[in-house]
Every structure is written in C-alpha cells, then in structure tokens.
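**Q**
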Amino acid sequence: MPRSVVTPPIKPVPFEYDEDDRRNIPNLDDEEFDHLTAVLKALARGSYPRLDSVPLALNAYNCNRRGTADEGNPWAYFHPITTITPEEVPLKKRPVVQLDDRILDDLKKPWVSIRVGDKFGANQPGRGNNKGKQQQQRQQQRNSAQYRFICFIHKHRIDRKGTSQKGVHTISIWDREWDELTYHDTYHINRAQRRREIKRFWSHALAPGLIADAPGPARDASFLARVRYRTVYHVSERLEDTLLRSGAGGAGAVPPRHTLWAVLGAALFHMNGARDPHVGIVPDRLELFGAHARPLLPRLFAHLLWLCLDCRGPRWTAAQREAYVRQFRILDRLRWLKTWAREHLEGYGEREREREREREREREAGDSETMGEERQEEEEGSREWMYAVLKI
Numbered sequence: 118m119p120r121s122v123v124t125p126p127i128k129p130v131p132f133e134y135d136e137d138d139r140r141n142i143p144n145l146d147d148e149e150f151d152h153l154t155a156v157l158k159a160l161a162r163g164s165y166p167r168l169d170s171v172p173l174a175l176n177a178y179n180c181n182r183r184g185t186a187d188e189g190n191p192w193a194y195f196h197p198i199t200t201i202t203p204e205e206v207p208l209k210k211r212p213v214v215q216l217d218d219r220i221l222d223d224l225k226k227p228w229v230s231i232r233v234g235d236k237f238g239a240n241q242p243g244r245g246n247n248k249g250k251q252q253q254q255r256q257q258q259r260n261s262a263q264y265r266f267i268c269f270i271h272k273h274r275i276d277r278k279g280t281s282q283k284g285v286h287t288i289s290i291w292d293r294e295w296d297e298l299t300y301h302d303t304y305h306i307n308r309a310q311r312r313r314e315i316k317r318f319w320s321h322a323l324a325p326g327l328i329a330d331a332p333g334p335a336r337d338a339s340f341l342a343r344v345r346y347r348t349v350y351h352v353s354e355r356l357e358d359t360l361l362r363s364g365a366g367g368a369g370a371v372p373p374r375h376t377l378w379a380v381l382g383a384a385l386f387h388m389n390g391a392r393d394p395h396v397g398i399v400p401d402r403l404e405l406f407g408a409h410a411r412p413l414l415p416r417l418f419a420h421l422l423w424l425c426l427d428c429r430g431p432r433w434t435a436a437q438r439e440a441y442v443r444q445f446r447i448l449d450r451l452r453w454l455k456t457w458a459r460e461h462l463e464g465y466g467e468r469e470r471e472r473e474r475e476r477e478r479e480r481e482a483g484d485s486e487t488m489g490e491e492r493q494e495e496e497e498g499s500r501e502w503m504y505a506v507l508k509i
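Mapping of the sequence shown onto our numbering: residues 118 to 509, in sequence order.
(1) Since residue 301 contacts residue 315 with CB under 8 Å, what's their CB separation in whole angstroms?
(2) Do the CB positions of residue 384 and residue 150 come within less than 9 Å of each other?
(3) Looking only at its own chain, which residues have a Cβ that is under 7 Å from the Cβ of residue 509, when we skip the five neighbours before and after it?
(4) Under the rule that 16 or more other beta-carbon atoms within 10 Å means buried, what is residue 190, buried or exposed?
(5) Just the Cα atoms here: how many angstroms apart are residue 408 and residue 431?
(6) Is it buried or exposed, residue 129, if we count other Cβ atoms within 10 angstroms and call 16 or more buried?
(7) Could you check where the alpha helix (DSSP H) with residue 387 kicks off and where it finishes?
(8) For residue 283 and residue 322, I'd like the C-alpha separation in whole angstroms.
(9) Could you spell out where the beta strand (DSSP E) holding residue 193 opens and where it closes?
(10) Alpha carbon to alpha carbon, how far is residue 229 from residue 246? Give it in angstroms, no decimals.
(11) Only counting runs of 3 or more residues, tell me where the beta strand (DSSP E) segments fall wholly within the segment 294 to 325, in order along the chain.
(12) DSSP three-state label for residue 134, please.
(13) Determine the burial state of residue 414: buried for a count of at least 16 other Cβ atoms within 10 Å of its Cβ, exposed for fewer.
(14) Expressed to the nearest angstrom, what Euclidean distance is found between the alpha-carbon atoms of residue 224 and residue 188?
(15) On the DSSP bridge list, what partners appear for residue 350?
(16) Using C-beta distances below 7 Å, list every residue in its chain close to residue 135, excluding the 5 sequence neighbours before and after it, in chain order.
(17) For residue 127, which residues of its own chain have a beta-carbon under 7 Å away from its beta-carbon, when the five flanking residues on both sides are left out?
(18) Beta-carbon within less than 8 Å of residue 317's beta-carbon, same chain only, minus the 5 sequence neighbours each way: which residues are those?
(19) In chain order, what residues of the same chain lie with their CB nearer than 8 Å to the CB of residue 444, ignoring the 5 residues before and after it?
(20) Thinking residue 405 and residue 418 are a contact (beta carbons under 8 Å), I'd like their distance in whole angstroms, please.
(21) For residue 143, verify whether its CB is less than 8 Å away from any heavy atom of the ligand MG.
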C-alpha cells in the first residue's frame, strides 16, 4: 500500500521564514517591519493606523502562537483593503481579488470541520479508539487546510454633514466551515446603499481560486447565493443618539472612519474564536464596535510588540531595544489599553519563561549544538524592563 504524502505545513502568509523555524516567527523585511511599527504607534496614541498597514498586522496575528491556547486554532487571511466604487459611478473594469499563491494552495486542501459529531467533525484527531485510525486522522489533519477565514476589508465613500471624514469601513469574511461569505456593516447611515455596492462588487469581482471566473447565472447560483448580509448592528446609532441628546450637537456624530475600529473588532473576534462554529455572529456591543475589549486591541498590541522584538530584538543592543519600545508608550487617557496590554505582555513573558525551562531541560539532556543560541535567547526572554520603559 503506497505511503500517503504529507505536504509541508503552511506558515502564516504573506511572510517568509527560516527553514528551521519552529515558532512561526517571520523574517520581517524593512517594509513589513515598518508597517507593524506604524500600527503599534497608532494603537499607543489612540489614532487611526495607516490603512495599508492594517491587513498585514492582522495577518501577523497568526504568527508565533506556540505555547498559547490558540496554538491549534485555524487562521484568517486578510487581503489588501479594497476601495468600493460608489453606486452612482459605473464600473469601468472588474475589481480584482488576487490571493497569495500559498493561500490558493491552502484553498485546494480539504477543510476539516470543527463541528463535533457530524460526518466532518468525526474526522478530527482523537475521535475514535483505534490507534491506527487515530494515526490516519492525524495525518489527514496535517494534510488539511489551515485557513478558515479569507477576509476582505472594504472602504466605502460617504458624505455626512458635520464631519469631514468620508470613509466607512466594512468587512466580508469567507468562512470555510460553512462555505459562505458574511458581509458585516456596523454603521447606521446609508446601509442599504452600501449593501447594493458590495453586492455589485462581488457580482463582478475577478477572484481566481475563490469565485468562478465569469459573472452570470452560474456565479449567482454558486457564490452569490452563499453571501450573507449581517447589518444588525445598532451601537453607532445608539451612541450618536446619546451624544446628541446630551447636548453635544453636531459634535455628537459618530465619525464614519471610526468603523475601522469596528472592523478590527470583528476581525479579532473571529480569529480569537476560530474554533467556535458560530463565531460569525458578532455581538452588537460597544466594546466590539470600538475594539477596546480585553482580547481585541490590547491583545493585538502585545502580540505585535512581542513579535517585532522576537524578529529584530536578538540583533539589537539593550539600548536599541529600549529605544524601539519607548515609541509605544501608551497615552494616559487610554487606561483600558495600558491595563490589559500589561496583562497580555506578562502572558507572553510567561511563555518565554516556559521556553527557557524547556531549553534548560534540553541542555541537561546533553543537547549542546544549540546551547549558545539558546543561552542568548534566554537572556532575551526576561523582559521585565519593558514594563518600565512603557510605564505600564
């Protein structure tokens, strides 16, 4: 009986890695590193991040999860932000959705359902008592897809009196668990128009590997029938009503651009709950609309900071590391971020200490080949200095 071929496991896209990397820590080039640094600065200052940096930061959230509760979670891929043509403007050409080749390869792999008890969930490792069957299941898992979500952040144009901000952000998330795409729109002004715009976008989009090539009846039957529109979000409307009734006047309008935080909240909610079959039902709550809940932006901040230091820190002096971290001192008015970022940073620090203990056990077992490198990593692992530099 021929032996099954096990394909090499995919690493988080779109980054490159060392061949012997075990922790999914990418070799960030200067442009990628600058993008993640820009997002960290924006979070620390409570300002909007650069739009082109947002998808890369979310993709980086898949990296270096070894030793966490999320280690075995499926991943989410974020396509560069798409600008949606306004409804009144004729489409001059078809919008193009070009996915990374590694994502296309992952889409060709079978998706192993996370639902327990159905014909797919029964294929998950550990279900069954036969040792040979379990081995076969583990091999199937290694050959299965890693990415559950393929995500597209959209920017729409909107004109509102009393604000100069013209961009509303929404997100479409393709969920392989249910084989459908859900469009999330959290803003209460001109929702019906944006729904028509996004339907036209997906009706004409050229997305090789994801959607049938040609628009027409076949696409309507196979793809558009699986698009869901989730617009039952009322937080922005209630918040605006509250501000206006309190006498804030025109200043009470919720800026359309604030929806970028809502998109980040929905994205991180999906990634944190990637093993929940029903994670696509995002709660209509203020802490998600602002993405300031403990497991959302605070966790993203800590994750990106550790990742950047893991990537570049070993080559820096202590002074260079401190200078880099000092850029991200969180403003006092962002107390929620200060408090919860510290908790998450401490959690990542505990992971580093556990790795130190693992390395010590390996050294005691006589593994001397990597002893020098591991001792250097051990020195890097203790980062109590970071809290002092950040003043948190």
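C-beta atoms are modelled at their ideal positions from N, C-alpha and C, and glycine is treated no differently.
**A** Walking through what the data contain:
(1) Going by Cβ atoms, the distance from residue 301 to residue 315 rounds to 10 Å, so no, they are not a contact pair.
(2) no
(3) 447, 455, 458, 459
(4) buried
(5) 32 Å
(6) buried
(7) Note, residue 387: alpha helix (DSSP H), 376 to 389.
(8) 24 Å
(9) 192 to 200
(10) Interpretation of residue 246 is limited by its pLDDT of 48, a score under 50 that renders its predicted location unreliable; no figure is taken from the coordinates.
(11) 297 to 301
(12) coil
(13) buried
(14) Distance between the alpha carbons of residue 224 and residue 188: 21 Å.
(15) The partner list for residue 350 (beta bridge, DSSP) is empty, contrary to what the question assumes.
(16) 144
(17) Exclusion of the five residues before and after residue 127 leaves 219, 223, 263 as the residues of its chain whose Cβ lies within less than 7 Å of its Cβ.
(18) 202, 204, 208
(19) 154, 157, 158, 161
(20) The Cβ separation is near 17 Å, so there is no contact.
(21) This structure lacks the ligand MG; in fact it carries no ligand of any kind.
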